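In what follows, a structure is listed as structure tokens, so that the remarks can point back to it.
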Amino acid sequence: MSEAFPRRDGRLHAENVPIEQIVEAAGTPVFIYSASELDARYDALDAAFSAVPHTLCYAIKANMNLAVVNRLVTRGCGIDVTSGGELFRAQLAGGDPSQFVYSGVGKTDAEIDHALDAGIRMFNIESREELRVIDARAAERGVVAPVSFRVNPDVDPQTHPYISTGLSNSKFGIPIAEAVDAYAEAKALEHVHVVGVSCHIGSQIVNLDPIVDALQRVRSLVTELRDAGHSIELLDVGGGLGIVYDREQPPSAAEYGAAVISSVGDLGCHLIAEPGRWIAGNSGIFVTRVLYGKDNGDKHFTVVDGAMTDLIRPTLYQAYQRIEPVGPPRENTRVVDVVGPVCESADFLAQQRELPILERDDLIAVHSAGAYGFVMSSNYNGRCRAAEVLVEGDQFEIVRARDRFEDLIRGESIPEGLG
Ligand code: LLP
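Add 8 to the 1-based position in the sequence shown for this note's numbering, that's all there is to it.
In structure tokens, the structure reads:
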């Protein structure tokens with residue numbers, strides 16, 4: 009990919025805009041996304057699948073800012089949604105619901121109705137009970153729901169346990185061994201129409217073996233289902249392609265596409281992939297300002313104005329995210345914990361990290377923050393959620409205003425009729 013966040017004249021930029029200039033307009037902490045990088049990543053993955061009929065359904069959970077989603081759907085991208093709220097956003101961002109798939113273990117009746125009314129391409133069903141509910145909701149509306157089962161192939165994706173989804177002990181999908189029976193049940197129902205099979209085994213996968221292994225199992229299933237008289241037109245291979253946070257060496261988009269195509273490309277299915285992190289992750293950074301330095305015993309802490317409430321990945325998954333000062337490089341370093349203002353010892357962006365010596369008011373950039381960053385943020389400790397900025401070339405726009413105090417209490421009231 010092009011360099012979305014280059015260093016020019018010693019200073020970090022987002023495309024052609026100095027980070028300091030963005031911070032002047034948007035304040036800190038702030039998420040900054042590169043539009044050109046989003047485009048380039050979508051295009052690279054799209055090209056990787058060009059040998060077969062396919063649709064990329066961006067996993068909107070990774071970064072659901074309207075401007076980001078709009079950028080992708082304008083290029084022809086479909087969307088993988090996981091809730092009514094995501095469906096609402098995907099539509100509002102200009103997405104075409106006939107290019108949406110809906111994954112998730114807990115679709116409510118209202119969410120199912122919403123998706124039926126929108127006319128999505130496929131429900132990825134995660135249990136037989138859900139199948140019956142979708143059939144009943146579709147019957148009530150006099151429509152037929154296009155469905156697949158998300159099958160769980162019992163393959164270890166070799167990633168963090170919290171983001172492994174394709175093992176038999178996880179809540180996701182139906183066991184692949186039960187799929188033939190489940191599809192038979194679906195076939196007997198009047199208001200669902202089987203159109204495909206789907207499978208997603210986990211996230212931040214940096215090794216192709218588990219993906220290929222899972223697809224081999226799915227491949228046998230597709231053959232078996234076709235023998236049983238089901239027409240399997242769509243094969244949804246899920247998302248999960250990993251990115252570089254530190255020293256990982258994930259497969260390239262081309263290698264990933266080639267591996268998928270060589271596993272299942274000859275089945276004659278229209279392939280769907282649900283990339284999230286690969287498109288958004290390295291298209292964004294998180295910029296925060298140093299408030300204080302302090303020593304507690306042997307440890308040095310750099311206290312910044314960003315926190316676990318903005319970027320929870322280091323806390324939740326012990327994730328490494330690269331950090332560098334926005335300003336000119338400095339020679340001297342020291343080992344620090346970069347921590348936020350939140351009243352939790354788990355509030356850190358980095359632990360025991362060797363960084364250039366940082367001083368009050370310095371800006372630092374936390375890399376690979378475009379996916380599962382802002383979307384996982386919260387208002388805990390009464391914190392206003394960060395601003396988001398989209399950059400293209402030498403232009404930028406604030407695409408989400410920082411929360412104001414009024415936003416923190418929206419919908420709350422002190423009861424008048426109680427007590
Ligand atoms: N499809 C399904 C059904 C999924 O559950 C997910 C992610 C994706 C696609 C997209 O996966 P990706 O291409 O982004 O790896 N918060 C965690 C990641 C959670 C992923 C959940 N599902 C993190 O920050 O690492």
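We treat Cβ as the ideally placed atom computed from N, Cα and C, and that holds for glycine. Predicted model, so just to flag it, every value in this text is computed and none were measured.
Compare the C-alpha of A190 against each of R136, L243 and V141 and name the closest.
-> Working through the sequence shown from its first residue, we reach residue 190 at position 182. A check of alpha carbon separations from A190 across R136, L243 and V141 identifies R136 as the nearest.
Sequence-distant residues of its chain with Cβ nearer than 8 Å to A144 (five each side left out) | In the sequence shown, the residue the question calls residue 144 occupies position 136. Result list for A144: H199, in chain order.
Does the count of Cβ pairs from the stretch 318-330 and the stretch 97-117 closer than 8 Å reach three?
-> No, because fewer than three Cβ pairs between the stretch 318-330 and the stretch 97-117 fall closer than 8 Å, the two stretches do not touch.
Would you list, in sequence order, the uninterrupted alpha helix (DSSP H) runs of no fewer than 4 residues that lie entirely inside the stretch 265-338?
-> List check, alpha helix (DSSP H) in window: 285-288 and 321-325.
Validate contact between the stretch 276-295 and the stretch 60-68 using beta carbons, cut 8 Å, 3 pairs = Contact holds: three or more Cβ-Cβ distances are below 8 Å.
Classify E400 as buried or exposed, calling it buried when 16 or more other Cβ atoms lie within 10 Å of its own Cβ.
-> Working through the sequence shown from its first residue, we reach residue 400 at position 392. Burial is judged here by how many other beta carbons sit within 10 angstroms of a residue's own beta carbon; E400 has at least 16 and is buried.
Backbone CA spacing between S58 and T167 [nearest angstrom] = Numbered from 1 along the sequence shown, position 50 holds the residue referred to as residue 58. Numbered from 1 along the sequence shown, position 159 holds the residue referred to as residue 167. Spanning the alpha carbons of S58 and T167 requires a straight line of approximately 28 Å.
Any contact of the stretch 291-298 with the stretch 369-379, i.e. 3+ C-beta pairs under 8 Å?
-> Because the criterion of three Cβ pairs below 8 Å is met, the stretch 291-298 and the stretch 369-379 touch.
Ligand 1 heavy atoms versus the CB of A56: any closer than 7 Å?
-> The residue given as residue 56 occupies position 48 in the sequence shown. Not so, every heavy atom of ligand 1 lies at least 7 Å from the Cβ.
Run through DSSP, which three-state label would I133 get?
-> In the sequence shown, residue 133 corresponds to position 125, counting from 1. Looking at I133 - three-state DSSP - the assignment turns out to be strand.
CA nearest to the CA of V407, picked from G18, F39 and H308 | Translated into positions along the sequence shown, residue 407 becomes position 399. With distances taken between Cα atoms, V407 lies closest to F39.
With DSSP run on the structure shown, which of helix, strand or coil describes I27?
-> Counting from 1 along the sequence shown, the entry for residue 27 is found at position 19. In the structure shown, I27 sits in a helix (DSSP, three-state: H, G or I).
Is any heavy atom in ligand 1 found nearer than 7 Å to the beta carbon of I331?
-> Taking the sequence shown and counting its residues from 1, the one referred to as residue 331 is at position 323. I331 Cβ: outside cutoff for every heavy atom of ligand 1.
For Q224, which three-state DSSP category applies?
-> Residue numbering aside, residue 224 sits at position 216 when the sequence shown is read from its first letter. Helix at Q224.
Locate the alpha helix (DSSP H) running through E414, then write down its first and last residues.
-> Position 406 of the sequence shown, counted from the first residue, corresponds to residue 414. Note, E414: alpha helix (DSSP H), F413 to L416.
Hey, is L249 close to ligand 1, as in C-beta under 7 Å from one of its heavy atoms?
-> For the purposes of this step, residue 249 is taken as the residue at position 241 of the sequence shown. For L249, the shortest C-beta to heavy atom distance toward ligand 1 is below 7 Å.
Quick one: using the 10 Å Cβ neighbour count with 16 as the cut-off for buried, is Q212 buried or exposed?
-> Counted from its first residue, the sequence shown places residue 212 at position 204. Here Q212 is buried: its Cβ has 16 or more other Cβ atoms, across all protein chains shown, within 10 Å.
Can you give me the Cβ contacts of K115 inside the same chain, cut-off strictly under 7 Å, excluding the 5 residues immediately before and after it?
-> Looking up residue 115 in the sequence shown gives position 107. Correct list, in chain order: E138.
Determine the DSSP secondary structure at G210, reduced to helix, strand or coil.
-> Residue mapping note: residue 210 aligns to position 202 of the sequence shown, counting from 1. In the structure shown, G210 sits in a strand (DSSP, three-state: E or B).
Look up H375 in the DSSP assignment and say whether it is helix, strand or coil.
-> Sequence index remark: in the sequence shown, residue 375 carries index 367 (1-based). In the structure shown, H375 sits in coil (DSSP, three-state: anything other than H, G, I, E or B).
Assigned exposure category for P37 - 16 Cβ within 10 Å defines buried | Within the sequence shown, residue 37 is the residue found at index 29, counting from 1. Buried, since its Cβ has 16 or more Cβ neighbours within 10 Å.
Keeping to the same chain, check which residues put their C-beta closer than 6 Å to that of D47; ignore five residues upstream and five downstream.
-> As a working note, residue 47 is residue 39 in the sequence shown. So no residue of the chain qualifies.
Could you tell me which uninterrupted beta strand (DSSP E) segments, each at least 3 residues in length, are contained entirely in the stretch 337-363, listed from first to last along the chain?
-> Fully enclosed beta strand (DSSP E) runs of 3 or longer: 341-347.
Which of helix, strand or coil DSSP assigns to Y253 = The sequence position of residue 253 within the sequence shown is 245, counting from 1. Coil, per DSSP.
On a CA-only basis, which of V202, P259 and A187 is nearest V226? Give me that one, please.
-> Within the sequence shown, numbered from 1, the residue matching residue 226 stands at position 218. For V226, the nearest C-alpha among the options comes from A187.
The beta strand (DSSP E) with T63 in it runs from where to where?
-> On the sequence shown, residue 63 is found 55 positions in, with the first residue counted as 1. Run containing T63: H62 to A67, per the beta strand (DSSP E) assignment.
Alpha-carbon spacing of I184 relative to R255, whole angstroms | Counting from one through the sequence shown, the residue named residue 184 turns up at place 176. Counting from one through the sequence shown, the residue named residue 255 turns up at place 247. If I take the Cα positions, the gap works out to 34 Å.
T341 classed as buried or exposed, judged by whether at least 16 other C-beta atoms fall within 10 angstroms = As a working note, residue 341 is residue 333 in the sequence shown. Burial call: exposed.
Using a Cβ-Cβ cut-off of 6 Å (strictly less than) and excluding sequence neighbours within five positions of G103, which residues of its own chain qualify?
-> Here residue 103 is taken as the residue at index 95 of the sequence shown, counted from 1. Apart from sequence neighbours up to five positions away, the residues of its chain that approach G103 with a beta-carbon distance below 6 Å are V81 and I87, ordered along the chain.
For L324, decide whether its Cβ has a neighbour in chain B, counting only Cβ atoms nearer than 8 Å.
-> Checking the listed chains, one finds no chain B in this structure; it contains a single protein chain.
Candidates S291, K307, Y300 and G248, of which the one nearest A281 by Cα | Along the sequence shown, one-based indexing puts residue 281 at 273. The option with the nearest alpha carbon to A281 is G248.
CA-CA distance, L324 and E352?
-> Position 316 of the sequence shown holds residue 324. Position 344 of the sequence shown holds residue 352. Put simply, the backbone Cα of L324 is about 13 Å away from that of E352.
DSSP state of E400, grouped into three classes?
-> Your numbering for residue 400 matches position 392 in the sequence shown. Three-state result, E400: strand.
Expected contact under 8 Å - CB spacing of V312 and L357 to nearest Å | Looking up residue 312 in the sequence shown gives position 304. Looking up residue 357 in the sequence shown gives position 349. The pair is a contact, with the Cβ atoms about 7 Å apart (cut-off 8 Å).
Less than 8 Å separating the beta-carbons of Y110 and N78?
-> On the sequence shown, residue 110 is found 102 positions in, with the first residue counted as 1. On the sequence shown, residue 78 is found 70 positions in, with the first residue counted as 1. Going by beta carbons, Y110 and N78 fall outside the 8 Å limit.
To which residues of the same chain is I120 closer than 6 Å at the C-beta, ignoring the five residues directly before and after it?
-> Here residue 120 refers to the residue found at position 112 of the sequence shown. Non-local beta-carbon contacts of I120 in its own chain, meaning distances under 6 Å to residues more than five positions away in sequence, involve I142 and R145 in chain order.
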